[in-house]
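Numbering follows UniProt numbering, with no gaps: position 297 of the sequence shown is 297.
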Amino acid sequence: MSIRMSRATFLRAAAGAGLGAFVASGCGSEQNNRGGAGSVEGSHIILQTITALEPNFKKFAEAYTKQFPDRTVEVRATTDSPPDYAQQLATARMSDSLPDLMFNVDFLADTLADNNVTLDLAPGISEGKLGSLTIDDFIDRFVGQYRPLGADDQITGLPVSADSSALFVNRTVFDAAGVSELPTASSSWEDLYELARQIHNNSDGTYLGMERPLDNGANRLVYGPVLRAFGATIYDFDTNSTDIGSGAALDGWRLLLDSYGDVSTPYSAKPQSDPAERFDSGNVGMAVMSSANVPGLRGALEGQDWDVVPMPEINGQSTAGGGSYGLSIAQTSPNQDAAFAFLAWFYDSDGGMKVAQEVANAIPPTLEGIKNGAWREQTPPENIAVFAESAQSAELGGRFPGKMQSQVSQALVTAAQQVLLEDRSIDDAYGEAQETINTTLKEESGDS
């Protein structure tokens, strides 16, 4: 399974899927909620991840035990199916049988924290349980994804890689289509669309100019930073509301909906699945993707000339997005000190982060790792340093509480369908989507 499948497909679909059982489990046990339990030396801890990431985590575990022979890490892989993944965690929480360490992801972090699945790491970090590292050594914007909404003093996970987006460009496709102009750091979204149309028209459709930026209409990596650059508020915690379908946001949707047709492909409510329409096919000129896709592309596009450039700016603001998956310690783990010891090794630039850069092209979520990490020397793409800048400027906001993200995505897919397939106005379709989302937010919070 590719990186794209392991992260993008899982992350888009997982929010809210099967997570009702977490709520049904109630608060459960409050034991060990400050991270002081178990012995480090001679420890055996269990780390649970999704199937697609199992090979990487097994390599991390092997490297850890090689350095500390009396400590072992058992990696348990679970399905990549979001409902099954969520149900397994829910069942484990209800029976107090969660693993010691677990895969987490930015938009599930609030739900897991709300239901007492994940440990607040902040006290342990303050007590020095990450060794020489302090929370100030991490890129704050990525750690912020694991600070529960309304509880900014807590940290329920740490990011594994500071993933952010850039514009991926296949020069081989541009050359084959006879398009000599290439995107640059100063290109606008409209400039990219024009180049994409040239690729499509010059090649009579043999090549695609661009992979669908919005996918089925709900790609948060793209719409989040674009709408924010236009001045929209994706989610306001204080008012428990969004203006995702009114005012400034509408300008963003007009821009993004123009990307279907001869810029990319006609709209479909289904996520892009045709291999020939994806950037990694070698038939597509451009794509907005995350740095997490780089390792897979090195194999898929071997022999082709491809690179990355910064995302366009709107109103002087970058439209780079980002996100992360992370590691969390279970609140009920009897081995929390041993789990912290693993994290201390994992985030050390000479320990796990060195392995992660070699094995998974991880971009360390630390200030030192961004500046001097070995990932900067790995090519292609030649311009890989773009991700150092975008990681520190990417728009990571727009989280909705708990399981709301899946409902937000459905409302946005419906709005895109209405505009592109049913000729409904953008104002009406997205206005209704906003109303639906805000109503559901109030119902979920009990304010209706």
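Glycine is no exception: its CB is placed at the ideal position from the N, C-alpha and C atoms.
Asked                                                                                                                                                             : Found
How many angstroms separate the CA atom of L396 from the CA atom of A385?                                                                                         : 19 Å
In chain order, what residues of the same chain lie with their CB nearer than 7 Å to the CB of T436, ignoring the 5 residues before and after it?                 : A411
Where are the beta strand (DSSP E) runs, 3 residues long or more, that stay fully inside the region 45 to 131, in chain order?                                    : 72 to 78 and 101 to 105
With distances taken Cα to Cα, identify the nearest neighbour of L255 among Q154, I426 and F237.                                                                  : I426
Within 10 Å of its beta-carbon, does N372 have 16 or more other beta-carbons around it, so buried, or fewer, so exposed?                                          : exposed
Suppose only complete runs of 4+ residues qualify. What are the alpha helix (DSSP H) ranges in the region 150 to 205, listed by chain order?                      : 171 to 176 and 189 to 202
Would you give the residue range spanned by the alpha helix (DSSP H) that V359 belongs to?                                                                        : G352 to A360
Please report the residue range of the beta strand (DSSP E) in which L133 lies.                                                                                   : Premise fails: L133 is in no beta strand (DSSP E) and is neither H nor E.
Hey, out of S390, E382, S259 and F340, whose CA is closest to A122's CA?                                                                                          : F340
Do you know offhand how far V419's Cα is from S349's?                                                                                                             : 49 Å
DSSP on E382, reduced to helix/strand/coil?                                                                                                                       : coil
How big is the Cα-Cα spacing for Q154 and R147?                                                                                                                   : 5 Å
With a CB to CB cut of under 7 Å and the five nearest residues on each side skipped, what residues in its chain are close to S126?                                : none
Can you round the beta-carbon distance between A338 and I45 to whole angstroms, since I take them to be within the 8 Å contact cut?                               : 5 Å
In chain order, what residues of the same chain lie with their CB nearer than 6 Å to the CB of P275, ignoring the 5 residues before and after it?                 : S281
Tell me the DSSP secondary structure of T332 in three-state form.                                                                                                 : coil
By DSSP, does I314 sit in helix, in strand, or in coil?                                                                                                           : strand
Touching or not, the region 235 to 247 and the region 281 to 299, by the rule of three or more beta carbon pairs under 8 Å?                                       : no
Does any CB atom of chain B fall closer than 9 Å to the CB of A287?                                                                                               : In the structure shown, chain B does not exist; there is a single protein chain.
Which full runs of the alpha helix (DSSP H) of 4+ residues lie inside the region 418 to 448, going along the chain?                                               : 426 to 445
Measure the C-alpha to C-alpha separation of Q198 and P380 and round it to an integer number of angstroms.                                                        : 26 Å
Are M210 and A287 closer than 9 Å when you measure CB to CB?                                                                                                      : yes
Could you pull out every residue in the same chain whose Cβ sits closer than 8 Å to the Cβ of residue 463, ignoring the five residues on either side in sequence? : This structure cannot speak to residue 463, because the chain is shown only from 1 to 448.
For the alpha helix (DSSP H) containing D251, name the first residue and the last one.                                                                            : A248 to L257
Could you check how far apart the C-beta atoms of V284 and N202 are, in whole angstroms? I think they sit under 8 Å.                                              : In fact, because the Cβ distance is near 14 Å, the residues do not count as touching under 8 Å.
Taking only three categories from DSSP, how would you classify S290?                                                                                              : strand
Classify I3 as helix, strand or coil using the three-state DSSP reduction.                                                                                        : Low confidence applies to I3: its pLDDT is 37, below 50, so where it sits in the model is not reliable, and the reading given next is rough at best. Reduced to three states, the DSSP call for I3 is helix.
Give me the Cα-Cα distance between A330 and Q145, rounded to the nearest whole angstrom.                                                                          : 17 Å
If distances are taken between C-alpha atoms only, which option among D251, T65 and G217 comes closest to A229?                                                   : D251
Determine the closest residue to A416 out of D215, G231, M94 and T332, with distance taken between C-alpha atoms.                                                 : D215
Would the beta-carbon of S445 fall within 9 Å of that of S164?                                                                                                    : no
In whole angstroms, what separates the C-alpha of N33 from that of S264?                                                                                          : Here N33 scores only 48 on pLDDT, less than 50, and its place in the model is too uncertain to base an answer on.
Buried or exposed: which applies to P364, given that a residue is buried once 16 or more other Cβ atoms fall within 10 Å of its Cβ?                               : buried
Smallest Cα separation from G231: which of G322, S268 and A248?                                                                                                   : A248
Helix, strand or coil: how does DSSP classify G303 here?                                                                                                          : coil
In chain order, what residues of the same chain lie with their CB nearer than 8 Å to the CB of G150, ignoring the 5 residues before and after it?                 : F237
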